[in-house]
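Here is the structure we will look at, set down as structure tokens.
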Amino acid sequence: MPELPDSSPPDIPDSLPLNSVGLVEPQVFEFEEPLELSCGRSLNAYRLVVETYGELNDKKSNAILICHALSGDHHAAGYHSANDTKVGWWDEYIGPGKPIDTTLFYVVSLNNLGGCHGSTGPCSINPDTDKPWGKDFPPLRIRDWVHSQARLADRLGIDQWAAVIGGSLGGMNAMRWSIEYPERVRHCAVIASATKLTAQNIAFNEIARRAIRSDAQFFDGDFLEQDAIPRDGLALARMIGHVTYLSDELMGERFGRELRSGSFQQGLEAPVEFQVESYLHHQGKRFAESFDANTYLLMTKILDYFDLAREYNNDPVEAFGHAQCKFLVVSFSSDWRFSPARSREIVDALIAANRDVVYTEVESTMGHDAFLLPNERYESVFRTYMLKVAQEC
Amino acid sequence: MLRIDLDILQQWVPVNSRVLDLGCGDGTLLKSLAENRQIEGYGLEIDPDEITACIAQGVNVIEKDINEGLANFHDKSFDAVVMTYSMQALRRPDLVIDEMLRVGKECIVTFPNFGSIRTRAYLMLRGKMPVTKQLAYQWYDTPNIHFCTIRDFEELCIEKGIQVLHRETVSTHSPDQHLNVFWPNMFAETAIYHLAK
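Quick note, the sequences are listed as chains A and B, same order. Sequential numbering of the first sequence, starting at 76, is according to this note's numbering. Sequential numbering of the second sequence, starting at 23, is according to this note's numbering.
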């Protein structure tokens with residue numbers, strides 16, 4: 076089970092970038108009131124691990140909720156220790172002077188229920204059995220996350236978010252917020268997302284899931300009890316996912332046909348490894364060390380099952396008719412996993428529902444991952460929009 | 023202050039209506055319509071800087087190339103569809119006007135009159151493609167590929183059975199302002215049409 080970072084205050088490092096939120100420490104929130112889940116079961120108690128950046132203002136009107144994507148967690152910005160070499164997953168866009176400006180906003184980022192970085196999930200102990208939940212953890216829907224996040228907002232004294240923001244799966248989370256709690260959201264930023272996955276997208280997820288299930292170390296989901304980890308399956312799942320998050324063009328630029336080792340020289344029989352192979356194996360290995368296989372299965376199912384309009388006569392216009400907030404929708408030209416066409420469906424529905432919306436299609440070669448990476452145009456749009464949000468706080 | 027065509031067309035936009043602005047620029051018209059006519063509006067734009075300017079003004083802006091058509095909008099889903107000074111930059115202005123009349127109950131189009139004496143004289147006397155203050159491009163770098171005159175436009179309207187509800191023509195030059203009333207195709211700089219089908 077993943078351990079929470081040491082709670083003792085870390086040393087102050089000599090030099091962190093000025094536009095960084097700096098050293099951050101996750102907080103743990105325990106909830107004792109049972110949470111009814113979409114599947115009909117309920118969680119009697121659960122914990123959420125949360126990071127916050129910036130200060131909540133007196134009116135409590137400047138709070139931003141960050142919704143993470145498939146493999147994300149609560150650590151969205153800053154550093155966990157002075158010698159931390161890895162910043163939070165959205166550090167590019169959260170910090171002083173960044174689009175989600177922590178001198179203006181109080182930013183809340185959590186590890187969602189079902190996660191494997193400290194919040195209650197398949198790695199947690201099931202109080203009924205005193206063993207890890209494993210594969211028996213209840214299946215979740217995005218609305219379950221929204222309800223758990225609403226309780227977190229209550230705990231933090233936030234009646235209404237200035238904005239709920241998310242990319243990819245997080246964008247679905249943000250859209251669901253706008254419909255489940257219309258009066259609690261002023262702005263909703265939906266980045267590289269969709270109202271539902273396409274067949275191709277579900278297909279990739281199922282291939283990744285099969286990779287995990289096929290691993291002998293998976294033990295039908297009971298690997299924790301067997302003291303095993305399905306590393307190969309997880310790594311393979313990540314490798315498949317990773318390829319789909321990048322674009323052909325970017326992989327060409329970044330790796331081309333460069334060799335990591337070996338040679339094609341005539342007369343030599345040295346085994347050849349392309350750079351791209353080595354890169355994917357590295358990504359897979361790293362992921363397998365930090366991510367729980369049951370969480371991966373759970374999260375990809377949450378993605379697959381999400382359909383914004385299912386309970387609204389399959390009509391996204393009717394669904395968005397319940398929202399009251401303003402929307403920012405952003406897509407990226409080379410993103411083929413959540414293509415601009417999916418974002419345009421969101422925008423068309425919002426316009427038909429008479430909701431305020433701004434939409435931009437950012438030119439990028441970075442594929443789906445573009446929403447996490449530096450991009451001048453994206454940053455400028457995001458920053459300009461968030462300054463308007465700040466003016467209303 | 024608004025550009026003169028933007029000022030004039032506002033009177034034709036119903037109060038509390040739903041407006042789509044094709045090629046909305048920095049959102050000035052939509053913002054002004056929201057303030058003066060209490061409209062709910064959306065602008066379509068492709069220029070990144072203009073889009074950012076719209077966001078800064080708090081205007082709903084959608085990144086979209088009008089040349090691709092308006093297939094994503096339902097029939098008569100807007101009270102008014104407006105296009106100011108963008109028609110001449112379209113690949114097929116006639117098809118876009120068809121689309122505007124399908125999506126909007128009414129349409130407003132403004133365009134520079136290429137039949138104005140100033141363009142005619144420029145071409146006749148200098149023998150070069152006209153370059154004016156409002157259309158300050160050279161022939162090789164201009165986005166404006168489909169200029170027309172007022173007479174051209176009226177012929178298109180007749181051909182397509184488009185009803186002209188109102189027409190205003192304007193000039194910013196002083197003698198032309200008076201002559202424009204008698205002979206707009208010769209003296210108007212800008213034409214403003216209110217259309218329906």
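Using N, Cα and C, we set each Cβ at its ideal position, and we do this for glycine too.
- [ ] Note down the Cα distance separating A:Pro80 from A:Asp159, rounded to an integer number of angstroms.
- [x] Residue placement at A:Pro80 cannot be trusted, given a pLDDT of 44 that sits under 50; the coordinates are not used to answer.
Open item on the list: Measuring straight from C-alpha to C-alpha, what distance separates A:Ala445 and B:Gln33?
Closed with: 44 Å
Open item on the list: Can you list, in chain order, the residues of its chain with a C-beta nearer than 8 Å to that of A:Pro85? Leave out the 5 residues immediately preceding and following it.
Closed with: Because A:Pro85 carries a pLDDT of 44, less than 50, the predicted location of this residue cannot be relied on, and the following value inherits that uncertainty. Correct list, in chain order: Leu98, Glu100, His155, Ser156, Ala157.
Open item on the list: Please tell me whether B:Glu85 has its Cβ less than 8 Å away from any Cβ of chain A.
Closed with: yes
Open item on the list: I need the straight-line Cα distance from B:Val37 to B:His216, nearest angstrom please.
Closed with: 16 Å
Open item on the list: Once the 5 residues before and after A:Met76 are set aside, which same chain residues still bring their CB inside 6 Å of it?
Closed with: Because the pLDDT at A:Met76 is just 40, under 50, the model does not fix this residue reliably, and the value given afterwards should be weighed accordingly. Closer than 6 Å at the Cβ level, and outside the excluded window around A:Met76, lie Cys198.
- [ ] Anything in chain B within Cβ reach of A:Lys463, meaning under 8 Å, just list it in chain order.
- [x] Ile77, Ala78, Gly80
Task: Candidates B:Lys182, B:Ala210, B:Ser196, of which the one nearest B:Arg142 by Cα - done: B:Ala210
Task: CB-CB length for A:Ala267 against A:Gly246, believed under 8 Å - done: 7 Å
- [ ] Under 8 Å between beta-carbons, which chain B residues line up against A:Tyr460? List them in chain order, please.
- [x] Ile77
Open item on the list: Let's test the definition: count the other Cβ atoms within 10 Å of the Cβ of A:Asp166 and tell me whether it reaches 16, buried, or not, exposed.
Closed with: buried
Task: Local Cβ density within 10 Å of A:Cys114, reported as buried at 16 or more and exposed below that - done: exposed
Open item on the list: Among A:Asn429, A:Gly242, A:Glu467, A:His192, whose alpha-carbon lies nearest the alpha-carbon of A:Ser414?
Closed with: A:Gly242
Task: Span separating the alpha-carbon of A:Asn276 from that of A:Glu324 - done: 20 Å
- [ ] Go through its chain and collect everything with a Cβ distance to A:Asn201's Cβ below 6 Å, but skip five positions before and after it.
- [x] Trp208
Task: DSSP beta-bridge partners of A:Asp382 - done: A:Lys271
Task: Element boundaries [beta strand (DSSP E), containing A:His443] - done: Neither: A:His443 is in no beta strand (DSSP E) and is coded neither H nor E.
Task: 3 or more residues per run - each beta strand (DSSP E) lying fully within the region 216 to 269 of chain A - done: 238 to 242, 262 to 266
Open item on the list: Counting only beta-carbon separations shorter than 8 Å, does B:Asn38 have a partner in chain A?
Closed with: no
Task: Opposing strand residues paired with A:Thr375 [DSSP bridges] - done: Looking at the DSSP assignment, A:Thr375 forms no beta bridge with any residue, so it has no partner.
TODO: Just mark A:Glu436 as buried or exposed, buried being the case when its beta carbon has 16 or more other beta carbons within 10 Å.
DONE: buried
Open item on the list: Is the beta carbon of A:Asn280 closer than 8 Å to that of A:Thr375?
Closed with: yes
Open item on the list: So, at 7 Å on beta carbons, what are the nonlocal neighbours of A:Phe457 in its own chain, with the 5 sequence-adjacent residues on each side left out?
Closed with: Tyr168, Pro174
Open item on the list: Under DSSP, the beta strand (DSSP E) around B:Gly63 begins and ends at which residues?
Closed with: 62 to 67
Task: Per DSSP, cross-strand counterpart(s) of B:Lys127 - done: B:Lys127 pairs with nothing; no bridge assigned.
Open item on the list: Do B:Asp87 and B:Ile68 have their beta-carbon atoms positioned less than 8 Å apart in this structure?
Closed with: yes
TODO: Starting from the beta carbon of A:Tyr434, find every residue of chain B whose beta carbon is closer than 7 Å, and list them in chain order.
DONE: Ile84, Glu85
- [ ] Take the Cβ of A:Val221 as the centre, count every other Cβ of all protein chains shown within 10 Å, and call the residue buried at 16 or more, exposed below.
- [x] buried
- [ ] Could you tell me whether the Cβ atoms of A:Val162 and A:Tyr128 are closer together than 8 Å?
- [x] no
Open item on the list: Can you give me the C-alpha to C-alpha distance between A:Arg452 and A:Ser418, rounded to a whole angstrom?
Closed with: 17 Å
TODO: Could you say which of B:Arg140, B:Val153, B:Gly91, B:Ile172 lies nearest to B:Asp163 if we only look at CA atoms?
DONE: B:Val153
Task: 9 Å Cβ cut-off: residues of chain A touching B:Ser99 - done: Ile426, Ala427
TODO: Using three-state DSSP, classify B:Asp43 as helix, strand or coil.
DONE: strand
Task: Distance, B:Ile172 Cα to B:Ile26 Cα - done: 17 Å
Task: Beta-carbon proximity list for A:Ala394, same chain, < 7 Å, skipping 5 on both sides - done: Ile254, Leu383, Ala384, Tyr387
Open item on the list: For B:Glu181, would you say it is in contact with chain A, using Cβ-to-Cβ distances shorter than 8 Å as the test?
Closed with: no
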